[in-house]
Amino acid sequence: MTSWQRAGAAALVLTAGLAATPIAARAQTVFKLGVATDALTLDPIATSDNPSIWSQLQIYDTLVRPKPDGKALEADLAQSWQAGADGRSYTFHLRPDAQFSDGTPVTAADVVASLKRAASPKSQWARFFQPIAGMQATDAHTVTLTLKQPFTPLLNNLGLFSAAILPAAEANAAKLPDMPLGSGPFVVKEWRHGERMVLVRNPHYWDHGKPYVDEADLIVIGEDNSRVLQLESGAIDAMINVPYNQMSRLKASPALRVGSAQVFRADFVMLNTKRKPFDDLRVRQALNYAVDKQGLVRGVLFGNGEVAADAMPVMAWHDASLKPYPFDLAKAKALLQQAGLGAGFSTAMLVPAGDAAAGQVAAAVQSNLAAIGVKVALQQIETGTQWDVTKKGDYQMSISYATSDTIDPDQLFGFLAVNPERADAYHTFWQSTKLNDLYAQERTTPEGPARGKMFQQMEALLHDGAPYIFLYRPTTTYAYRTRVTGFAVLPTSNWRLQDVKLAH
Amino acid sequence: MALLRYTLSRILQMIPVLLGITLVAFLLLRVLPGDPASLMIGARGSDADVLRLRHQLGLDRPLWVQYAIFLREMASGSFGQSLAYRRPVMTLIAERLAPTLWLVGLATVLAVAITFPLAVVSALRRNRLPDLVIKTVFTAALSMPQFWLGILLILLFSLRLHLFPVAGYGSGPLGHLWHLFLPAFVIALGTSALTIRSLRSSIIAVQTAEYIDTAYAKGLTGRMVMRRHILRNAAVSTISVLGVHTGWVIGGTVVIESVFAIPGLGQLLVASIAARDYAAVQGLTVVFAVMVTAISLATDLGYALVDPRVELE
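Sequences listed follow chains W and P, in order.
Going left to right, the first sequence walks through residues 5 to 508 as this note's numbering numbers them.
Going left to right, the second sequence walks through residues 9 to 321 as this note's numbering numbers them.
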């Protein structure tokens, strides 16, 4: 044996021997959740990525929060609230027993300071809170907000993570501390960036008895398959984003349970209606008839989703009777014929690079459209570039999707269907004056069936106008070990770790 | 003394190289389509919101001002604030540097440990069964995608045999070694596939040299000749292959980091490019450049140690 060989063999023996080191026993209950990406920041007003949002929701409270079904709001820090009859004021009554994790009570002054910060120019979310003209701490536990004009989505916006309530001293400081105080169920004990965030239960949480676990670790495992392997080995207790093709295998495992949550997300192909031939409604509808969406749900999602009738996720007031464009090649050809394009045409489609599902959708749509004589050239594009290119209108077709931050359909309609508003109907440049009017009307109508009716009309207009090829609404998959109860992905894509219980 | 003077002069030479790299990194990022502010605001804000954020981040200032700020922040050692993380870039890098260095270091040690014995066997049993087996196995290892090989090893060694953890970085030096063994082994397999071939051919070439006959003639055993004369001479070219490859590995660990959930620099770089986090990408580029030049310096110093005829100047 040469000395090199000896050294190598010694290293192997040493390393293998370490495997036998026992892991210290813990009396505490620790729930380990495998996530794909780490959070970027704990500052609610500087947040734009989902992992940061999901972590913050474990640490901070908001005045109100979405119910687990995502259809309405429920009490959080505010145990009750009233809207003024003219829609221009809201009064919130705080829980008298709510405390930050250091034991200091949450007061109306903290709420006012936090909301002022959220509406300030340094907030990326200012637009959501700017309709508030005045904020008043009427007494230690009462806050009154006044508006210049009625703005119904406001209440939902107050349930957003960006409206998290921080101590006034931190909210008023020039720079938020790296680990701000919250009054939510958990406190950050340690954050090893890119590796894990260790959350421990907040002993002062107002919802007494919760959280049930002493510690919840968010463990970053970027590769989907590695996350599955860690779950199977028991190194983690639960994971989100199970690859669709592994769902049936995990479902069959006696040690695991799987879930498939209908989240606020819809996938589609954007059509640039400023460009020929997409300026013609008949062409856009023909493309919708020509794509076999049921095939995509089967082939790409392995059944984890449903065909979409429009670009909106299933949210409050969604009209279930609105039917998707059926797969009908004859109808598609007839519509192209009427548009004077019986011989078909050539076009190009942007495909986000590195997104396996988008690649599969692209190939399927390409072959579907070839059947009606539409030749689609696929152009891979890096996602950071895709936004700028479509915003400039420098494209023909583009695969994309939309998700909602709030449970109010107002936000997504404003983005996907209203032109100009914020994004020229998500860069499709499609415009429906009728829809624009309904949007303006809906925002000042009190929440209730009358407003719901407006959303249903808007959804139908979007369906008929077809500025997108509407594809599907995918679910978010997750899996957990059988000793876990109470873990679920909510329609808003987040989870409430305070509800998780571990059996021994 | 000559060694020290040489090292110092090489370090001085690094400065213009690094300045050039900062300029290229800075300009490439600005040429790239996609804007950090509009990526951050996304669908949630209007053009006015994007403009306001650009102003807050200092992205609306003239390019040369931004470059001067970058140089100043680099000189101060902070590399500025990351746009996405809102923390000093140097802090971000410091947190991720250790896992990457452990991984690359362990992979290099393993590669050397694999290369020497197998290259000797291959050379001595040239074109016979052991040589063919080694060649086939390592060519296969080199052609396999790293993430797939990684997952296969996790399935076998972690899930079936429970010898190694499924993933992670561990704590304490022994914990790091244990956690990083499988990922380092995957990288080492790829490296050894190259170094075994290189060392094998060098050994074969050196074996026919006249001084080897002399060594035998003066009565040395085959093992002594191999160790003192053949390996020492043959290793010179392999050191340069190893050096170049390790420089490449440093920037290319992202796949392995992702499969084995290691919080290293590769993942940070990819995430930062996707977010157009200018400050973070610039800082990382400089750090990578420093590491690669340091490895090339170490390689040259390695020659001098192995081969006294190499003169450093």
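Beta carbons are placed, not taken as given, at the ideal position from N, Cα and C, and that holds for glycine.
Below-9 Å beta-carbon distance, residue i vs any chain W residue
| i | result |
| --- | --- |
| residue 247 (chain P) | no |
| residue 219 (chain P) | no |
| residue 3 (chain P) | Residue 3 (chain P) lies beyond the residue range present for chain P, which begins at 9 and ends at 321; the question has no answer from this structure. |
| residue 176 (chain P) | yes |
| residue 275 (chain P) | yes |
| residue 215 (chain P) | no |
| residue 286 (chain P) | no |
| residue 159 (chain P) | yes |
| residue 149 (chain P) | no |
| residue 272 (chain P) | yes |
| residue 313 (chain P) | no |
| residue 96 (chain P) | no |
| residue 142 (chain P) | no |
| residue 166 (chain P) | yes |
Counted within 10 angstroms of its Cβ, other Cβ atoms place residue i as buried (16 or more) or exposed
| i | result |
| --- | --- |
| residue 160 (chain P) | exposed |
| residue 84 (chain W) | exposed |
| residue 156 (chain P) | exposed |
| residue 216 (chain P) | exposed |
| residue 299 (chain W) | exposed |
| residue 249 (chain W) | exposed |
| residue 398 (chain W) | exposed |
| residue 36 (chain P) | exposed |
| residue 188 (chain P) | buried |
| residue 23 (chain P) | exposed |
| residue 273 (chain W) | buried |
Residue-level contact to chain P via CB, residue i, 9 Å cutoff
| i | result |
| --- | --- |
| residue 194 (chain W) | no |
| residue 484 (chain W) | no |
| residue 395 (chain W) | yes |
| residue 234 (chain W) | yes |
| residue 419 (chain W) | yes |
| residue 30 (chain W) | Low local confidence applies: a pLDDT of 46 at residue 30 (chain W) is under 50, so the model's placement there is unreliable, with the coordinate-based value given in what follows. Chain P contact via Cβ: absent. |
| residue 299 (chain W) | no |
| residue 44 (chain W) | yes |
| residue 403 (chain W) | no |
| residue 310 (chain W) | no |
| residue 225 (chain W) | yes |
| residue 229 (chain W) | yes |
| residue 237 (chain W) | yes |
| residue 253 (chain W) | no |
| residue 479 (chain W) | no |
Neighbourhood of residue i by C-beta distance below 8 Å, restricted to the same chain and skipping five residues each side
| i | result |
| --- | --- |
| residue 78 (chain W) | 68, 69, 70, 71 |
| residue 330 (chain W) | 293 |
Coil, strand or helix - residue i by DSSP
| i | result |
| --- | --- |
| residue 263 (chain W) | strand |
| residue 96 (chain W) | strand |
| residue 195 (chain W) | strand |
| residue 72 (chain P) | helix |
| residue 399 (chain W) | coil |
| residue 280 (chain P) | helix |
| residue 55 (chain W) | helix |
| residue 324 (chain W) | coil |
| residue 451 (chain W) | coil |
| residue 461 (chain W) | helix |
| residue 29 (chain P) | helix |
| residue 514 (chain W) | Since the first residue of chain W shown is 5 and the last is 508, residue 514 (chain W) is not available in this structure. |
| residue 319 (chain P) | coil |
Sequence-distant residues of its chain with Cβ nearer than 7 Å to residue i (five each side left out)
| i | result |
| --- | --- |
| residue 366 (chain W) | 353, 355, 382, 403 |
| residue 478 (chain W) | 269, 271, 305, 308, 309 |
Own chain, CB closer than 6 Å to residue i, minus 5 neighbours either side, in chain order
| i | result |
| --- | --- |
| residue 255 (chain P) | 300, 303 |
| residue 292 (chain P) | 277 |
| residue 41 (chain W) | 55 |
| residue 1 (chain P) | The structure shown does not extend to residue 1 (chain P), since chain P spans only 9 to 321, so no value can be given for it. |
| residue 263 (chain P) | 154, 155 |
| residue 228 (chain W) | 247 |
Listed from N- to C-terminal order along the chain, which residues in the region 23-57 of chain P have their beta-carbon within a distance smaller than 8 Å of any beta-carbon of chain W? Taking a C-beta cut-off of 8 Å against chain W, the contacting residues of the region 23-57 of chain P are 40, 41, 42, 43, 46, 47, 48, 49, 50, 51, 52, 53, 54, 57, listed in chain order.
Which residues, in chain order, does the region 113-134 of chain W contribute to contact with chain P at a C-beta distance below 9 Å? For the region 113-134 of chain W, the beta-carbon criterion of a distance under 9 Å to any beta-carbon of chain P is satisfied by 125, 126, 128, 129, 130, 131, 132.
Could you name the residues of the region 229-242 of chain P whose beta carbon sits closer than 7 Å to any beta carbon of chain W, in the order they occur along the chain? Residues of the region 229-242 of chain P with a Cβ closer than 7 Å to any Cβ of chain W, in chain order: 235.
So if I threshold CB-CB distances at 8 Å, which residues from the region 108-121 of chain P count as touching chain W? Correct list: 117, 118, 120, 121.
What are the residues in the region 188-202 of chain P lying within 9 Å of chain W by C-beta distance? With the criterion set as a beta carbon lying under 9 Å from some beta carbon of chain W, the members of the region 188-202 of chain P are 189, in sequence order.
If the cut-off is 7 Å on Cβ atoms, which residues from the region 246-267 of chain P count as contacting chain W, listed in chain order? Look at the region 246-267 of chain P: the residues with a C-beta under 7 Å from a C-beta of chain W are 266, 267.
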